[in-house]
Amino acid sequence: MAKDTERKAEVEEIFGDLSRYQNAALYTQLSGSKSDKERGYALGALYNTLKDLGVKPKKKGDLEGLVDSITASRESQKRFSDIFSSKHAEAQSKLTFGELYSHYREDLTKYVGEEDIEVLDASIEKFKDKDIQSIFKKIASLRHQSENPTDEEARDEAKAELEKYDAFAKVYNVIENMNYAKLLPKAIEETNRLELRSYIASTKVEKKDDKKKDDKKKDKK
Numbered sequence: 084m085a086k087d088t089e090r091k092a093e094v095e096e097i098f099g100d101l102s103r104y105q106n107a108a109l110y111t112q113l114s115g116s117k118s119d120k121e122r123g124y125a126l127g128a129l130y131n132t133l134k135d136l137g138v139k140p141k142k143k144g145d146l147e148g149l150v151d152s153i154t155a156s157r158e159s160q161k162r163f164s165d166i167f168s169s170k171h172a173e174a175q176s177k178l179t180f181g182e183l184y185s186h187y188r189e190d191l192t193k194y195v196g197e198e199d200i201e202v203l204d205a206s207i208e209k210f211k212d213k214d215i216q217s218i219f220k221k222i223a224s225l226r227h228q229s230e231n232p233t234d235e236e237a238r239d240e241a242k243a244e245l246e247k248y249d250a251f252a253k254v255y256n257v258i259e260n261m262n263y264a265k266l267l268p269k270a271i272e273e274t275n276r277l278e279l280r281s282y283i284a285s286t287k288v289e290k291k292d293d294k295k296k297d298d299k300k301k302d303k304k
């Protein structure tokens, strides 16, 4: 009983970390996208990551300035992404698939209903006590074996074994898609705000520069 209570507290802490670093994972996903549109939204995801990390600006515009400094070069973007998105992956690796599934089961039920959620329950039963990282390692190994160019029997066995992970893959992908759908609109919203604030700031600078030039001309006269 004490162990169960202790693990429950650990799991709550892990999900707290997942929540803290989920925008960092989104930033990595968007900034590495082949879509120009999606890459553009990485700006908002980065801003939201800084807020999630508890970065408190001393004055207005400090967070925007930090976003600018991080996005100033590919090296700084990669460094930020590597550090914080890896923390998201690290947190998730501490969970069993059953713990992840239980956390999102209510949301999944909204898609399939009370009766059919039991079909999913049964489908993922064999994965529930396995940690997520070990499942992915096994899938990666089977995929490698399924592409074996020399051993047809081993290739076919690996393909058959891979099919057994279909339930895990589908449910895990839906959970990831749910998180993406929840976070993306907020990233778009912040991107829109940042783009407009940046334009307004540059316009104000231009007006100041123009005024200085006009004042100099007047002084010469």
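Residue 84 is where the sequence shown starts when you use our numbering, and the numbers rise one by one after that.
Even for Gly, the Cβ is constructed at its ideal location relative to N, Cα and C.
Which residues DSSP lists as bridging residue i, in chain order
i, result
"T179", "D214"
Short Cβ contact (7 Å threshold) for residue i with residue j
i, j, result
"D135", "R157", "no"
"I215", "Q160", "no"
"N131", "K269", "yes"
"I258", "Y187", "yes"
"G127", "T274", "yes"
"A237", "N231", "yes"
"A250", "S206", "yes"
"K211", "G181", "yes"
"I283", "Y124", "no"
"S168", "A108", "yes"
"Q228", "A241", "yes"
"T111", "S152", "no"
"P140", "L133", "no"
Expected contact under 8 Å - CB spacing of residue i and residue j to nearest Å
i, j, result
"L266", "N106", "6 Å"
"L129", "E121", "Incorrect: roughly 13 Å between the Cβ atoms, too far for contact."
"L203", "L191", "7 Å"
"H171", "L225", "Rounded, the Cβ-Cβ distance is 25 Å, inconsistent with contact."
Fill in: Any 3 or more C-beta pairs closer than 8 Å across the region 173 to 191 and the region 201 to 218
Contact holds: three or more Cβ-Cβ distances are below 8 Å.
Worksheet item: Between the region 91 to 101 and the region 238 to 257, are three or more C-beta pairs nearer than 8 Å?
Response: Taking 8 Å as the limit for Cβ pairs, the verdict is that the region 238 to 257 does not touch the region 91 to 101.
Item to complete: Return the chain-ordered ranges of every alpha helix (DSSP H) run that is complete within the region 118 to 197 and spans a minimum of 4 residues.
Response: You should have 119 to 123, 125 to 135, 145 to 153 and 157 to 175.
Discussion item. In chain order, what are the residue ranges of uninterrupted alpha helix (DSSP H) at least 4 long that sit wholly in the region 204 to 279?
Written reply: As for any alpha helix (DSSP H) of minimum length 4 sitting wholly inside the region 204 to 279, the runs are 215 to 229 and 235 to 246, ordered along the chain.
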